[in-house]
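Chemist: One structure is given below, represented as structure tokens, and several questions about it will come after.
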Amino acid sequence: MKGFPAKDIEIIRDLAKRVAEIANLPYQREMTKIWKAHNSLKRIRPLVLIFPEGSWRELIPWESLECSDEFCRGLEYDLKMRLYYWDFLRDDSVITDTIASPIYIHNSGWGISTQTSNPEEAYGAVRYEPVIKEEKDLEKLQKPKLWVDWKATEAHYEKLCDLVGDILKVEKRGPAHFWFAIIDDFATWRGFEQLFVDMIERPHWLHRALGFLTEGWLEMLDFYERENVLSLNNGAHYCGSGGFGFTDELPQPDFDGVHIRTKDLWGHATTQIFAWVSPAMHEEFALQYEGRFLSRFGLASYGCCEPLHKKIDIILKHIPHLRRLSMSPWVDVAEGAERLGGKAIFSWKPNPAPLFAGESWDEDFVRKFIRDALEKTKDCIIEVIFKDIHTCRNKPQRLRDTVRIAKEEAEKFA
Numbered sequence: 003m004k005g006f007p008a009k010d011i012e013i014i015r016d017l018a019k020r021v022a023e024i025a026n027l028p029y030q031r032e033m034t035k036i037w038k039a040h041n042s043l044k045r046i047r048p049l050v051l052i053f054p055e056g057s058w059r060e061l062i063p064w065e066s067l068e069c070s071d072e073f074c075r076g077l078e079y080d081l082k083m084r085l086y087y088w089d090f091l092r093d094d095s096v097i098t099d100t101i102a103s104p105i106y107i108h109n110s111g112w113g114i115s116t117q118t119s120n121p122e123e124a125y126g127a128v129r130y131e132p133v134i135k136e137e138k139d140l141e142k143l144q145k146p147k148l149w150v151d152w153k154a155t156e157a158h159y160e161k162l163c164d165l166v167g168d169i170l171k172v173e174k175r176g177p178a179h180f181w182f183a184i185i186d187d188f189a190t191w192r193g194f195e196q197l198f199v200d201m202i203e204r205p206h207w208l209h210r211a212l213g214f215l216t217e218g219w220l221e222m223l224d225f226y227e228r229e230n231v232l233s234l235n236n237g238a239h240y241c242g243s244g245g246f247g248f249t250d251e252l253p254q255p256d257f258d259g260v261h262i263r264t265k266d267l268w269g270h271a272t273t274q275i276f277a278w279v280s281p282a283m284h285e286e287f288a289l290q291y292e293g294r295f296l297s298r299f300g301l302a303s304y305g306c307c308e309p310l311h312k313k314i315d316i317i318l319k320h321i322p323h324l325r326r327l328s329m330s331p332w333v334d335v336a337e338g339a340e341r342l343g344g345k346a347i348f349s350w351k352p353n354p355a356p357l358f359a360g361e362s363w364d365e366d367f368v369r370k371f372i373r374d375a376l377e378k379t380k381d382c383i384i385e386v387i388f389k390d391i392h393t394c395r396n397k398p399q400r401l402r403d404t405v406r407i408a409k410e411e412a413e414k415f416a
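Going by the working numbering, the first residue of the sequence shown is number 3, and it counts up by one from there.
Structure follows, in structure tokens:
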């Protein structure tokens with residue numbers, strides 16, 4: 003274990019041993035079966051996940067880490083988050099004994115740089131400054147060029163194997179989580195309001211831009227397949243904008259065990275900026291391109307923060323292999339449940355603000371809030387995803403208690 007401080011090695015290996023012990027408990031195998039049934043659209047019970055995201059800085063402050071080496075500190079954080087899930091949060095996560103070692107892929111980008119005005123407040127909203135100001139500026143766009151840095155890939159892999167390879171499974175991993183959101187991206191270059199004007203005043207020009215971006219993405223998928231750098235996402239892998247990817251339906255039956263193709267994976271697309279755009283315009287400017295992209299994948303998930311309860315029919319039309327649909331805090335839960343039924347997973351994302359960020363926390367309110375949604379979705383395959391949690395007001399118990407309540411209520415709808 004060359005190059006690492008002795009204390010760091012001891013800390014990492016002790017954490018890794020505990021993770022390995024937890025990962026090999028029968029509970030993890032049982033939860034894996036439940037997730038597979040859920041993702042095959044069998045109603046077991048509503049499943050519950052929590053992603054603290056911004057709250058991690060409150061749960062495991064970076065300054066609380068014990069390792070001194072930066073490589074070890076990153077690994078320490080990963081392992082401590084897994085243990086925090088098991089020891090404290092206790093949602094329906096599956097703890098695994100696999101450590102991901104990245105395949106380093108460089109991307110030249112789209113030929114333009116996003117320009118932002120950053121707020122003075124910590125964690126405040128960023129303002130995007132337009133960089134495509136005139137129609138001719140579209141010529142600045144270039145399709146990304148990709149190349150794999152195998153030397154850096156091997157170096158990282160060897161360091162992980164040296165540290166914990168005899169305790170945990172070290173796996174080289176390339177692209178596995180796809181976020182196709184070309185309109186959201188284009189809005190950051192063009193300007194949000196101007197994008198909506200373009201949909202009315204210069205639709206052909208906008209379609210040219212979206213077609214170019216879609217072709218660029220499809221060529222990137224071709225590169226990943228050609229270089230054989232894709233990784234399967236059919237296990238304890240974050241799927242779309244929430245949920246796990248556990249399934250026996252992927253990879254495809256003709257998978258040779260070596261060459262992973264996009265059709266062996268889950269894919270994901272979203273157009274969050276279209277929250278209040280009509281179904282007809284959503285179909286014209288988003289779904290026709292998202293459908294092309296997602297047709298390359300074996301299973302698909304769709305959506306993030308945009309309300310989609312009035313667009314379910316057109317989503318299913320363009321994405322017939324849809325398996326998971328994000329139902330954000332701004333959906334009409336009852337209408338969404340009626341329209342979706344059991345055609346795909348109702349991936350419900352409750353508004354985190356009243357649940358975690360208020361001055362006070364009210365168990366009765368939380369329970370009633372969750373029960374109401376579960377009542378309305380009792381004919382759906384539903385998962386409850388607590389995410390976009392920017393703070394728990396330094397009261398981690400709110401996270402644990404909300405998960406506990408959600409699981410208690412979910413048992414009533416098994």
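Ideal placement from N, C-alpha and C gives every residue a C-beta, glycine not left out.
Pull up the distance between the alpha-carbon of residue 421 and that of residue 47, whole angstroms please.
Modeler: The structure shown does not extend to residue 421, since the chain spans only 3 to 416, so no value can be given for it.
Chemist: Would you say residue 184 and residue 212 are within 7 Å of each other, going by their C-beta atoms?
Modeler: For this step, residue 184 is matched to residue 182 along the sequence shown. For this step, residue 212 is matched to residue 210 along the sequence shown. In this structure, residue 212 lies closer than 7 Å to residue 184 by Cβ.
Chemist: Assign residue 226 to one of three DSSP states: helix, strand, or coil.
Modeler: Translated into the one-based positions of the sequence shown, residue 226 becomes position 224. Of the three classes helix, strand and coil, the one that applies to residue 226 here is helix, per DSSP.
Chemist: Consult DSSP for residue 338 and reduce its assignment to one of helix, strand or coil.
Modeler: If you number the sequence shown from 1, residue 338 lands on position 336. Three-state result, residue 338: helix.
Chemist: Could you tell me the alpha carbon to alpha carbon distance between residue 118 and residue 132, rounded to whole angstroms?
Modeler: By one-based count along the sequence shown, residue 118 stands at place 116. By one-based count along the sequence shown, residue 132 stands at place 130. Those two C-alpha atoms are separated by around 9 Å.
Chemist: Can you tell me the Cα-Cα spacing of residue 386 and residue 38, whole angstroms?
Modeler: Translated into the one-based positions of the sequence shown, residue 386 becomes position 384. Translated into the one-based positions of the sequence shown, residue 38 becomes position 36. Residue 386 and residue 38 have their alpha carbons spaced roughly 16 Å apart.
Chemist: Going by C-alpha distance, which of 232, 75, 240 is nearest residue 175?
Modeler: If you number the sequence shown from 1, residue 175 lands on position 173. The residue with the shortest Cα to Cα distance from residue 175 is 232.
Chemist: Answer yes or no: do residue 97 and residue 25 have a C-beta to C-beta separation smaller than 7 Å?
Modeler: The residue labelled residue 97 in the question sits at position 95 within the sequence shown. The residue labelled residue 25 in the question sits at position 23 within the sequence shown. Cβ distance < 7 Å, so residue 97 and residue 25 count as in contact.
Chemist: Roughly how many whole angstroms lie between the Cα atoms of residue 136 and residue 109?
Modeler: Here residue 136 refers to the residue found at position 134 when the sequence shown is read from its first residue. Here residue 109 refers to the residue found at position 107 when the sequence shown is read from its first residue. Rounded to whole angstroms, residue 136 to residue 109 spans 26 Å at the Cα level.
Chemist: When the Cα of residue 312 is compared with those of 285, 296, 293, which residue comes out closest?
Modeler: The residue given as residue 312 occupies position 310 in the sequence shown. Per the Cα distances, 285.
Chemist: Below 7 Å between beta carbons: does that hold for residue 363 and residue 400?
Modeler: The count along the sequence shown starts at 1 and reaches residue 363 at position 361. The count along the sequence shown starts at 1 and reaches residue 400 at position 398. Yes, Cβ-Cβ distance for residue 363 and residue 400 is below 7 Å.
Chemist: In angstroms, rounded to a whole number, what distance separates the CA positions of residue 229 and residue 258?
Modeler: For the purposes of this step, residue 229 is taken as residue 227 along the sequence shown, with counting starting at 1. For the purposes of this step, residue 258 is taken as residue 256 along the sequence shown, with counting starting at 1. The straight-line gap from Cα to Cα measures roughly 16 Å.
Chemist: Cβ of residue 300 within 7 Å of Cβ of residue 223?
Modeler: In the sequence shown, residue 300 corresponds to position 298, counting from 1. In the sequence shown, residue 223 corresponds to position 221, counting from 1. Cβ distance not < 7 Å, so residue 300 and residue 223 don't count as in contact.
Chemist: Given residue 33, which residues of its chain have a CB within under 7 Å of its CB, disregarding the five upstream and five downstream residues?
Modeler: In the sequence shown, residue 33 corresponds to position 31, counting from 1. Apart from sequence neighbours up to five positions away, the residues of its chain that approach residue 33 with a beta-carbon distance below 7 Å are 94, 96, ordered along the chain.
Chemist: Please name the residue or residues paired with residue 49 in a DSSP beta bridge.
Modeler: As a first step, residue 49 is located in the sequence shown; it is residue number 47 there, counting from the start. Answer is 385.
Chemist: Which residue's Cα is closest to the Cα of residue 164: 112, 327, 15, 91?
Modeler: Position 162 of the sequence shown, counted from the start, is the residue given in the question as residue 164. Of the listed residues, the one whose Cα sits closest to residue 164 is 15.
Chemist: Using 8 Å as the Cβ pair cut-off and three pairs as the minimum, do the region 398 to 412 and the region 254 to 272 touch?
Modeler: no
Chemist: Could you work out which residue in 179, 330, 207, 345 is closest to residue 267 when comparing CA atoms only?
Modeler: The residue given as residue 267 occupies position 265 in the sequence shown. Residue 267 has its Cα closest to that of 179, out of 179, 330, 207, 345.
Chemist: Which residue from 264, 45, 145 puts its Cα closest to that of residue 112?
Modeler: What you label residue 112 is simply residue 110 of the sequence shown in a count that begins at 1. For residue 112, the nearest C-alpha among the options comes from 145.
Chemist: Taking three-plus beta-carbon pairs below 8 Å as touching, is the region 150 to 170 in contact with the region 274 to 282?
Modeler: no
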